[in-house]
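Participant:
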Amino acid sequence: MKYMMLVYLDEQTMTDEEREHCYVESAQLTQDLNSTGHYLGAGPLHSVATATSVRVRDGKRLVTDGPFAETREQLGGYYVVEAADLDEAISIAERIPPARFGTIEIRPLMEIEGLPEN
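Following this line, the structure appears as structure tokens:
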């Protein structure tokens, strides 16, 4: 089963040095996951200050700067992995470096007919 792991953390939690170290650790983790066949994709996101939110209400597009919801932690990145089950996905999630600073949300991906293949 495919799982998306969403990385949430307060953007101000890490120093620049800690963030750079986290990127190095995260790159190593993706190499490890790739070597075991679990890796499908990953990537950090730019600061929440660069976010744009789009909603459509009554047929009209509403575009606003920033994230949709105000929260203490922001979405900072993601991993998409292949795992046998939720237990294996949890084992992978605990290895994601930002888990030490924030939260990793695990969500199974739905298989929908008609989507393009990778």
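In this text, residue positions in the sequence shown follow the working numbering: the first is 123, and each later residue adds one.
Backbone N, C-alpha and C define an ideal beta-carbon position, used for all residues, glycine too.
1) Between Met136 and chain C, is any beta-carbon pair separated by less than 9 Å?
2) Which residues bound the alpha helix (DSSP H) around Leu237?
3) Give me the DSSP bridge partner(s) of Ile228.
4) Out of Ile212, Glu204, Gly165, Ala221, which has the shortest C-alpha to C-alpha gap to Met232?
5) Cα-Cα, which of Gly188, Leu167, Ala164, Gly163 is closest to Thr174?
6) Leaving out the 5 sequence neighbours to the left and right, which residues in its chain are closer than 8 Å to Leu197 when beta-carbon positions are compared?
Facilitator: By the coordinates alone:
1) No chain C appears in the structure shown, which is made up of a single protein chain.
2) No alpha helix (DSSP H) contains Leu237, which DSSP labels as neither H nor E.
3) Met127
4) Glu204
5) Gly188
6) Leu128, Val129, Tyr130, Leu167, Val170, Pro189
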